[in-house]
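Undergrad: Pasting a structure below so you can have a look.
Residue numbers (my numbering), protein chains in the order written: chain A, 62 to 541; chain B, 32 to 513.
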């Protein structure tokens, strides 16, 4: 008797992954187009096709909003929570593509953009991943593509960035994998849903959770696992930095939230997670304090990202359901304000000079008033000042910290914010000060007008999300 | 309409920012029209109904709720006069007009906000235009002043933010300013009330400022260009005192009572320290800056003596200080434009050549030193009376010292600038132009009017009655809505 080939999963299972597949298949289309088209057209075509694929995936993902279900025997959970993270990934990837007009050599543009799409599909997989296998698959898909992307710039720093990221990130992945093995040993399952039952071996389970969380903290670049971040961000090409600053965080936060909220036994969840709140506290203070000394915008935004993730974790402190909503809201806010700032840097970039030094901003307020105003607005948002979404997001996080009894985290958030204001406003000062000597006369010649689109959309979103009466809380679904 | 008072100046400011530099004349007229229109609208909306839009529903309800509460309107009274001043004065500062308009909108927002979260939003927002002006126009090469201003006030603003969030969680809504009157309603646990109030109080004390949190203030006032410093010192600094009255008294009555002693001490120290420091300054603007510290300490005494007269006096003095301080800084700005210096040792004998300027400075300086019949006196006498009636006898005596000192430093400044021999190498320029006179005239008129009849400002609830000393029934302890 010949063995029967059976496919154990029905079409509904695959449907949950369609958005992810659209993005991954979009990357293949980009590669094919790269083969056919003349060199001059390749880059534009790749960007257009990439944006198109992401837009379709984003639109398709929305259709599943009201039908939460679990696919692949619990390997991937579709539903509102997943979709929000998928949308954040899609939006961030689109904005990054808009800046990617100089990414890689012209004849390699298709490959670079395909890598970025695959990386995004990894993050989208992580958004819904509900067992350890899927989580690791998504994480590696995300990271492997990023290792290559980091090295795409001709600058030596770029190769350093790629190598550093490869070695350190692989180490973290290894730790995480070991943690996963321990978790499997303790519970006999890879499914997060099973973890909520009391484990067979508590010691193994705790150790596994610890290693798993360390891996996540590394990917989120939380203090003290953040040391790779500034170097990697600085060396990587600008669109890649922008991409990883949001997409890596979105994917990893989805996993972290699912793990913290849905995968831990109620009895021991608080004890297992308390180091996470300490790490968040450290990140807010150290990240912001380190940002003070930076003179490179990419490094500054790297450290700022460290602190911003700290804020997001504060919202989740105590794992209150409301807190998760505010965490997601703040991640969405961060997406727009952070990518807006990156888009401004992209407009200032020129060949072999990424416009990310503080000097590139000197006197910008008088040379390009609108661009400088936009940058000021994004920095206001990052610093949590009104009238921006950063302000609203922070008030929600503060409220959540009071509600969950973690007021000390709220106080540290305030301290961190006060420190960060100096770091962010250093850029504002560079743009508007008349007294810092003669401004450097840099011609303003953006290689492409595409980032303007990013600047405009991000600015509108930063304003409107902050003031819109449909405040986030009721729209965002909870993790299942 | 009240919402438009906030939004239109901000939008106009942003629009002016985007205008090319060649359109300077148009910008000037837009500024004049917008601020004049805002003045008219504000004056007409005395009894306009509140406007409200939903903002947040979870974790607490918050709304974009604006309206003129009794205290809000009184505090905004001088601000309205300033608008008129600005309308004429903005010719002096076209380059800073965008920031100025944004600042006006934001400050209006602080005074008309009826929701704590909205209050916090404008509270933080009003830092930004001042910071931008400080870094761009600071006469000193370093931007130390700008940072000092920004970091100090931001720390206060963030403490206020945390306190607002905590208030929202405990009370369920932040839409509370002017809603609760008296020590009855807040359902806050006592410990929470104390800590939440501490956050608000820190912000208020820094903004006012009160010793020992005042160190940002003299530098900031000295470095800001004249029209902006007039607005910052006359209006922005009152936001803190307004907060104690409109938010502290009605929402945190127990905490206010608990901290009354330390606050009275801080007020008394500010009062004395400011007056003595003002005596020895050479820079005319710093004299006014330190005198501000002293005067606002007196207001703090008035608020924390919890006496209806003292409270009425505090409100009058808040308005009065806004009027004469704006007048002082605008006059000093005009002197500086003429003489290129504001150092007392370099100035002298101005009155002979510039009699109109001398006259203007005389009136505002006399109001500042508390001459009876002008607005400063009206506030001082009410505060003193209330302070004495509340049983703070020794404090009343202490509070009298700076009033004597005020005469000394104000007259010293006046003499240093207006009288005595002229210094040879200081340029000679013509007297005030009609536009400059028109800029300061409304302030002078208001100084006199408020000095003659402070009643409507002090006790708005009983504005119809004649306010003398000792009416049959004292006005209510907390100035509330209706």
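All C-beta atoms, glycine included, are put in the ideal place defined by N, C-alpha and C.
1) Could you tell me whether any Cβ in chain A is nearer than 8 Å to the Cβ of residue 350(B)?
2) Tell whether a beta-carbon distance below 8 Å holds between residue 271(B) and residue 251(B).
3) In angstroms, rounded to a whole number, what distance separates the CA positions of residue 293(A) and residue 226(A)?
4) Quick one: grab the DSSP three-state call for residue 337(B).
5) For residue 203(B), is the classification buried or exposed, using 16 other Cβ atoms within 10 angstroms of its Cβ as the cut-off for buried?
6) Just reading off the alpha helix (DSSP H) that residue 70(A) is part of, what are its end residues?
7) If the cut is a Cβ gap below 7 Å, which residues of chain A does residue 196(B) touch?
8) Let's test the definition: count the other Cβ atoms within 10 Å of the Cβ of residue 215(B) and tell me whether it reaches 16, buried, or not, exposed.
9) Say whether chain A places a C-beta atom closer than 8 Å to the C-beta of residue 232(B).
10) Specify the secondary structure class of residue 250(A) as computed by DSSP and reduced to three states.
11) Determine which residues of the region 368-391 of chain A have a Cβ less than 7 Å from any Cβ of chain B, and write them out in chain order.
12) State the Cα-Cα distance for the pair residue 448(B) and residue 378(B), rounded to the nearest angstrom.
13) By Cβ distance, which residues of its chain are closer than 7 Å to residue 542(A), with the 5 residues on each side in sequence left out?
14) Residue 77(A) by DSSP, collapsed to three states: which one?
15) So, at 6 Å on beta carbons, what are the nonlocal neighbours of residue 454(B) in its own chain, with the 5 sequence-adjacent residues on each side left out?
16) Could you check the C-alpha separation between residue 481(B) and residue 351(B) for me, to the nearest Å?
17) With distances taken Cα to Cα, identify the nearest neighbour of residue 377(A) among 468(A), 436(A), 400(A) and 422(A).
18) Quick check: is the beta carbon of residue 395(A) nearer than 8 Å to any beta carbon in chain B?
19) Considering just the uninterrupted stretch of the beta strand (DSSP E) at residue 93(B), what are its terminal residues?
20) Please confirm whether residue 268(B) and residue 325(B) have their CB atoms less than 8 Å apart.
21) Please give me, in chain order, every unbroken run of the alpha helix (DSSP H) with length at least 4 that falls completely inside the region 408-487 of chain B.
22) Alpha carbon to alpha carbon, what distance is there between residue 209(A) and residue 381(A)?
23) Using a Cβ cut-off of 8 Å (strictly closer), state whether residue 167(B) contacts chain A.
24) Starting from residue 528(B), find everything on chain A with Cβ-Cβ shorter than 8 Å and list it in chain order.
25) So what does DSSP say about residue 242(B), is it helix, strand or coil?
26) Can you list, in chain order, the stretches of the alpha helix (DSSP H) that have 4 or more residues and sit fully within the region 146-201 of chain B?
27) Around the C-beta of residue 126(A), are 16 or more other C-beta atoms found within 10 angstroms, so that it is buried, or is it exposed?
28) Determine the contact status of residue 348(A) and residue 394(A), defining contact as a CB-CB distance below 8 Å.
29) For residue 302(A), does the three-state DSSP call read helix, strand or coil?
30) Under 8 Å, with one C-beta from each stretch per pair, do the region 160-171 of chain A and the region 94-113 of chain A reach the 3-pair mark?
31) Helix or strand or just coil, what does DSSP make of residue 290(B)?
32) Have a look at residue 515(B) and residue 101(A) and give me their C-alpha separation to the nearest angstrom.
33) Would you list the residues sitting across from residue 131(A) in a DSSP beta bridge?
34) Helix, strand or coil: which one does DSSP assign to residue 144(B)?
35) Closer than 6 Å by C-beta to residue 39(B): which residues in its own chain qualify, once you throw out the five before and the five after it? Chain order, please.
36) In chain order, what residues of the same chain have a beta carbon less than 6 Å from the beta carbon of residue 132(B), not counting five sequence neighbours either side?
TA: For this structure:
1) Closer than 8 Å: no.
2) No. Outside cutoff.
3) Rounded to whole angstroms, residue 293(A) and residue 226(A) show a C-alpha spacing of 6 Å.
4) Looking at residue 337(B) - three-state DSSP - the assignment turns out to be coil, as it is neither helix nor strand.
5) By the Cβ-count criterion, residue 203(B) is exposed, with fewer than 16 other Cβ atoms from all chains shown falling within 10 Å of its own Cβ.
6) Membership of residue 70(A) in any alpha helix (DSSP H) is not indicated, and neither H nor E is assigned to it by DSSP.
7) The contacting residues are 456, 459, 460 and 463.
8) Confidence in residue 215(B) is poor, its pLDDT being 39 and thus under 50, which makes the residue's placement too unreliable to answer from.
9) At a cut-off of 8 Å between C-beta atoms, residue 232(B) does not count as an interface residue with respect to chain A.
10) In the structure shown, residue 250(A) sits in coil (DSSP, three-state: anything other than H, G, I, E or B).
11) When CB distances to chain B are screened at a threshold of 7 Å, the residues of the region 368-391 of chain A falling below it are 383, in chain order.
12) Rounded to the nearest angstrom, the two C-alpha atoms are 5 Å apart.
13) Because chain A is modelled from 62 through 541, residue 542(A) falls outside the range shown and cannot be assessed.
14) Reduced to three states, the DSSP call for residue 77(A) is helix.
15) The answer, listed in chain order, is 377 and 379.
16) Residue 481(B) and residue 351(B) have their C-alpha atoms spaced approximately 7 Å apart.
17) The candidate whose alpha carbon is nearest that of residue 377(A) is 468(A).
18) For residue 395(A), the answer is no, since every Cβ of chain B falls outside 8 Å of its Cβ.
19) Judged by DSSP secondary structure, residue 93(B) falls within the beta strand (DSSP E) whose first and last residues are 93-97.
20) No.
21) Taken in chain order, the unbroken stretches of alpha helix (DSSP H) that lie wholly in the region 408-487 of chain B and span 4 residues or more are 424-449 and 465-483.
22) Cα-Cα distance, rounded: 38 Å.
23) Yes - at least one Cβ of chain A is within 8 Å of the one on residue 167(B).
24) Residue 528(B) falls outside the range modelled here, since chain B spans only 32 to 513, and no answer is possible.
25) Look at residue 242(B) here: in three-state DSSP terms it is coil, with no helix or strand label.
26) For the region 146-201 of chain B, whole alpha helix (DSSP H) runs of length 4 or above, ordered along the chain, are 147-156 and 158-168.
27) With fewer than 16 other Cβ atoms within 10 Å, it is exposed.
28) Taking 8 Å as the Cβ cut-off, residue 348(A) and residue 394(A) do not qualify as a contacting pair.
29) In the structure shown, residue 302(A) sits in a helix (DSSP, three-state: H, G or I).
30) Under the three-pair Cβ rule at 8 Å, the region 160-171 of chain A counts as touching the region 94-113 of chain A.
31) Coil.
32) Residue 515(B) lies beyond the stretch modelled for chain B, which goes from 32 to 513, so this question has no answer here.
33) 138(A), per the DSSP bridge assignment.
34) Secondary structure of residue 144(B) (DSSP, three-state): strand.
35) Counting only Cβ-Cβ distances below 6 Å, and skipping sequence neighbours, we find nothing.
36) Non-local C-beta neighbours of residue 132(B) in its own chain, meaning closer than 6 Å and more than five positions away in sequence, comprise 40, 43 and 44, ordered along the chain.
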